[in-house]
Amino acid sequence: MERAETPLLEVRHLSTNFVTDEGVFRAVEDLSFQLRRGEFLGLVGESGCGKTTAMLSVLRLLPAAGRIVSGEVLLEGEDILKLDAAEMRRMRWRKMSIIFQGAMNALNPVRNVGDQIAEALVLHDMAPSRRRAAARVGELLELVGIDADRADQFPHQYSGGMRQRAMIAMALACSPQVVIADEPTTALDVMIQAQILELLERLQRELGLSVILVTHDLSVVAEVCHDVLVMYGGVLAEYATVDEIYNEPLHPYTRLLLEAFPDLSRPDERMISIPGQPPRLNDLPAGCRFAPRCPMVIDRCRIEPPPVRQVRPGRWATCHRIDEAGT
Amino acid sequence: MSAALPAGDAGIRPAADTVLEVEGLFKHFPLPRGLLGALLGRPGRVVHAVDGVSFTLARGEILALVGESGCGKTTTALALMGLQPASAGSIRFNGQDVTHLSEHPGGVPRAMVAALDGAAYRREPSVAPALTLKRLRRQIQMVFQDPYESLNPRATVYEAVAEPLEVHGLEQDRESRLNRVRGALEDAGLKPAQAYLNRLPHELSGGQRQRVVIAGALVLEPSLLIADEPVSMLDVSIRAELLNLLDELRSRRGISILYITHDLGTAACFTDRIAVMYLGRIVEIGPTRRVLADPQHPYTRALLSVVPVPNPRLRRTRQILGGETPNPIDLPRGCRFRPRCPVAVERCAEVDPSLTPLGDGHEAACLLLDGARLLNSA
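From first to last, the protein sequence lines are chains A and B. For the first sequence, the numbering used here assigns the number 492 to the initial residue and increments by one for each residue that follows. For the second sequence, the numbering used here assigns the number 240 to the initial residue and increments by one for each residue that follows.
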């Protein structure tokens, strides 16, 4: 997967398994993508499709049962999967950070918000003590649109949108180049969602951030992203620019996903759900993982898993039917 | 606190097949004053959660109640269910006043309980002797937001759906109860019902759980279903089928649905009318198509502009309102939307606009409505 410019982050053939009593879950398989400097990448798929696992693998924050079984994660050309734990800890948060899903509800209720942001600074040696970090904390809060003098307030004095902003401030504490935002707007009202998206866009412009936006909401991705990677059942289904994904989707899954959306610009169209359930990752079908739900399925799909193929320059898809029909 | 205030007046006249008529509904929560405040005789402060809401709902109609967190949409629903007694106003259900129903006939009338609460309540003995809250709730059922938390993890699907029958003492014999539960499950799209009866919630997907919750509401054969954000916790790929299910229930069973949401996108796809709420009031109401195509209130316009559209070629300028819904304790003077309104003028600080009819049941509460339109509809 080559592109003209050297990417900031490149993931090559990443596979991650979970080894549990109920067997091996192949949560991510052969996943490759690139993130350029200042780019907004959308990682989209249903719950349980491996989006979060892929991101935790990239940061090497997998829970105990998770194993990265193969692949490379190149950050500015260096494979971070080869770093030892101490080196990894130094890299994490300074180069790459994450806004965890639902994290706005994970702020410690009995400590003030400023203290909690300062803690991130102290832990990563960006400040000698929490008290000395105050100026930087104020700066970070202002950066995300919160008055610096609200640093000594407690999470319950913040609204949901403000708590999410505080989490973003925390992720920015060590001036990383890559921020992974895992469902950053899912629990928020549409107006607050718009505020948060606007904030991420502004940070990307002003700080030159690269952002991976993990979400199940294709319409949010359409609003802000440049490139989109659609995942299904742990594998890449389709990877292309946002315009290609929405206006000429190739993979049948992408097409169905688009139809499942309410679209205010086309109120006459009825939304259609995708029948069936995503595959269980410890009991995968022999062929294509989407075959049991696919409207275009042929015999070959049930037997032979399709490889990730470059369909056109800059465009990847995993489907037997694409080469045949030529579309 | 009744006629003097510019309570909204939803212009659609109640027709013969009106299921629900809400008129000038208020729900205020008094805040504790504290000892000092009481000694100094400071006036008690009040949260104006619902502040003069009026609308009607016809049989088989789906009305969306749309607004941000804290705008009073859920409190409105709780008042309709009798879970929060109204401070003022009236709720008529199938033509009968149900505003102050009591839990049990002969119990303390709710109006009296309310009076003891300390706020200024309207006292009006309106309790029809036979109708109790419990009987009312057979007719009005509610589906809550989170299907992961609204089911008892240790109760099977059968137990969860049969419980309302038990509570209301219906279908006492085993066979008929089982049949009714099966019917409700299949109506909620869980087919064949037999396959689900003995399952526990953890064996079901989020969408299936929400269907069980809907079956639990349907089993009582209600005429009004209040669905409070029923799909916001679910994956986008299964939202469509649940909304289509609600639509189907309306056409097959003639159920009226009050769909509460913050998402105009989902409201657009299956509702007949939309009511947009802001700070305890309806600021715009009308046929869904019309409100979406020709929004009149600046708040509705802003809300529409931030609904993400799944097409990158249609990226628009989002009209983002700063901050969040202000607290409903100290309401702004004049129009309550003024502090966040992008087009507010001086006069907006003086006049609290009431809903103005614009024709075809479309109404909006804004001083800056297009004058020409007003003339045409007059």
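Ideal Cβ placement from N, Cα and C applies to all residues, glycine included. All values reported here derive from a predicted model rather than from experimental measurement.
Can you check whether the CB of residue 260 of chain B is closer than 7 angstroms to the CB of residue 331 of chain B? Yes. Within cutoff.
Relative to chain A, which residues along the region 460-480 of chain B have a C-beta separation below 8 angstroms, given in chain order? Cβ contacts with chain A come from 474, 475, 476, 477, 478, 479 and 480.
Find out if the Cβ-Cβ distance for the pair residue 776 of chain A, residue 783 of chain A is shorter than 7 angstroms. Yes, these two residues count as a Cβ contact at 7 angstroms.
Is the CB-CB distance between residue 440 of chain B and residue 448 of chain B below 7 angstroms? With respect to the 7 angstroms criterion, residue 440 of chain B and residue 448 of chain B are classified as neighbours on the basis of their beta carbons.
For a contact meaning CB atoms closer than 7 angstroms, what does residue 686 of chain A contact in chain B? Residues of chain B passing the Cβ test: 559.
Identify the contact partners of residue 491 of chain B in chain A, using a Cβ-Cβ distance below 8 angstroms as the criterion. Among the residues of chain A, none has a CB under 8 angstroms from the CB of residue 491 of chain B; the nearest is roughly 17 angstroms distant.
Could you name the residues of the same chain whose beta carbon sits closer than 6 angstroms to that of residue 245 of chain B, not counting the 5 residues immediately before and after it, in chain order? At residue 245 of chain B the pLDDT is 38, less than 50, meaning the model places this residue with poor confidence and gives no usable figure here.
Taking the C-alpha atoms as reference points, what is the distance between residue 463 of chain B and residue 786 of chain A? Between the alpha carbons of residue 463 of chain B and residue 786 of chain A lies a distance of about 37 angstroms.
With 7 angstroms as the threshold, decide whether the Cβ of residue 744 of chain A is near any Cβ in chain B. Residue contact check for residue 744 of chain A against chain B: no CB pair falls below 7 angstroms.
On the premise that residue 301 of chain B lies in contact with residue 521 of chain B, defined as a C-beta separation below 8 angstroms, what is that separation, rounded to the nearest angstrom? With a contact defined as Cβ atoms closer than 8 angstroms, residue 521 of chain B and residue 301 of chain B miss out at about 16 angstroms.
Please go through the region 562-588 of chain A and give each complete beta strand (DSSP E) segment of 3 or more residues, from N-terminal end onward. Counting only runs of 3 or more, we get nothing.
Return the chain-ordered list of same chain residues with a C-beta closer than 8 angstroms to the C-beta of residue 599 of chain A, the five sequence neighbours on each side being excluded. Answer for residue 599 of chain A: 607 and 646, listed in chain order.
Quick check on residue 677 of chain A: does DSSP put it in helix, strand or coil? Coil at residue 677 of chain A, not helix or strand.
Using a C-beta cutoff of 7 angstroms, does residue 711 of chain A count as contacting chain B? Yes, residue 711 of chain A lies at the interface with chain B (some Cβ there is under 7 angstroms from its Cβ).
Please classify residue 475 of chain B as buried or exposed, where buried requires at least 16 neighbouring CB atoms within 10 angstroms. The C-beta of residue 475 of chain B has 16 or more other C-beta atoms within 10 Å across all chains shown, which makes the residue buried.
Buried or exposed by the 16-neighbour rule on C-beta atoms within 10 Å, applied to residue 542 of chain A: Buried, since its Cβ has 16 or more Cβ neighbours within 10 Å.
Whole-angstrom Cβ separation of residue 533 of chain A and residue 799 of chain A, contact assumed at under 8 angstroms? Contact flag wrong, Cβ pair sits at about 18 angstroms.
If I measure Cβ to Cβ from residue 395 of chain B and keep anything under 8 angstroms in the same chain, skipping five residues before and after, which residues do I get? Around residue 395 of chain B: 436, 437, 438 and 439.
Suppose the cutoff is 6 angstroms on Cβ atoms and the five residues either side in sequence are ignored; what does the same chain contact list for residue 806 of chain A look like? Excluding residues up to 5 positions away in sequence, 731 lie with their Cβ nearer than 6 angstroms to the Cβ of residue 806 of chain A in the same chain.
Chain A within 7 angstroms of residue 598 of chain B, Cβ atoms only: Closer than 7 angstroms: no.
Does the region 555-573 of chain B come into contact with the region 669-688 of chain A, if we say contact requires no fewer than three beta-carbon pairs (one atom in each stretch) closer than 8 angstroms? As far as the Cβ criterion goes, the region 555-573 of chain B touches the region 669-688 of chain A, which means the pair count is three or higher.
Outcome for residue 753 of chain A when other beta-carbon atoms lying within 10 angstroms are tallied against a minimum of 16: Buried is the label assigned to residue 753 of chain A, since at least 16 other Cβ atoms lie within 10 Å of its Cβ.
Count the other C-beta atoms from every protein chain shown that fall within 10 angstroms of the C-beta of residue 328 of chain B, then say buried if there are 16 or more, exposed otherwise. The Cβ neighbour count for residue 328 of chain B, taken over all protein chains shown within 10 Å, is at least 16; the residue is labelled buried.
Closer than 8 angstroms, Cβ to any Cβ of chain A: which residues of the region 415-445 of chain B, in chain order? Hits within the stretch, in order: 444 and 445.
Should residue 599 of chain B go down as buried or exposed, given a rule of 16 or more other Cβ atoms within 10 Å for buried? Residue 599 of chain B is exposed by the Cβ-count criterion.
Do you know whose CA, among A:553, A:744, A:762 and A:571, lies nearest residue 502 of chain A's CA? With distances taken between Cα atoms, residue 502 of chain A lies closest to A:571.
Do residue 421 of chain B and residue 432 of chain B have their C-beta atoms within less than 7 angstroms of each other? Remark: C-beta atoms of residue 421 of chain B and residue 432 of chain B approach each other more closely than 7 angstroms.
Taking only the alpha-carbon atoms, compute the straight-line gap between residue 346 of chain B and residue 372 of chain B and give it to the nearest angstrom. Low confidence applies here, because residue 346 of chain B scores a pLDDT of 47, under 50, leaving its location unreliable and the question unanswered by this model.
Distance, Cα to Cα, residue 675 of chain A vs residue 633 of chain A? Cα-Cα distance, rounded: 19 angstroms.
For residue 583 of chain A, count neighbouring C-beta atoms within 10 Å of its own C-beta (all shown protein chains included) and say buried if the count is 16 or more, exposed if not. Around the beta carbon of residue 583 of chain A, a 10 Å sphere encloses 16 or more other beta carbons of the protein chains shown; the residue is thus reported as buried.
For residue 545 of chain B, which residues in chain A fall below 8 angstroms Cβ to Cβ? Result: 681, 682, 684 and 685.
Limits of the unbroken beta strand (DSSP E) element including residue 533 of chain A: In the DSSP annotation of this structure, the continuous segment of the beta strand (DSSP E) that includes residue 533 of chain A starts and ends at 531-535.
Using a cut-off of 7 angstroms between C-beta atoms, extract the partners of residue 765 of chain A located in chain B. The answer, in chain order, is 476.
Assuming residue 718 of chain A is part of the beta strand (DSSP E), what are its boundary residues? Residue 718 of chain A -> beta strand (DSSP E) spans 718-723.
Contacting residues, own chain, Cβ-Cβ under 6 angstroms from residue 617 of chain A (five flanking each side not counted): Cβ within range, chain order: 665.
What residues in its chain sit with their C-beta under 8 angstroms from that of residue 506 of chain A, if we drop five residues either side in the sequence? Taking residue 506 of chain A as the centre and dropping the five residues before and after it, the same chain places the C-beta of 517, 519, 520, 521, 522, 559, 560, 561 and 562 closer than 8 angstroms to its C-beta, in chain order.
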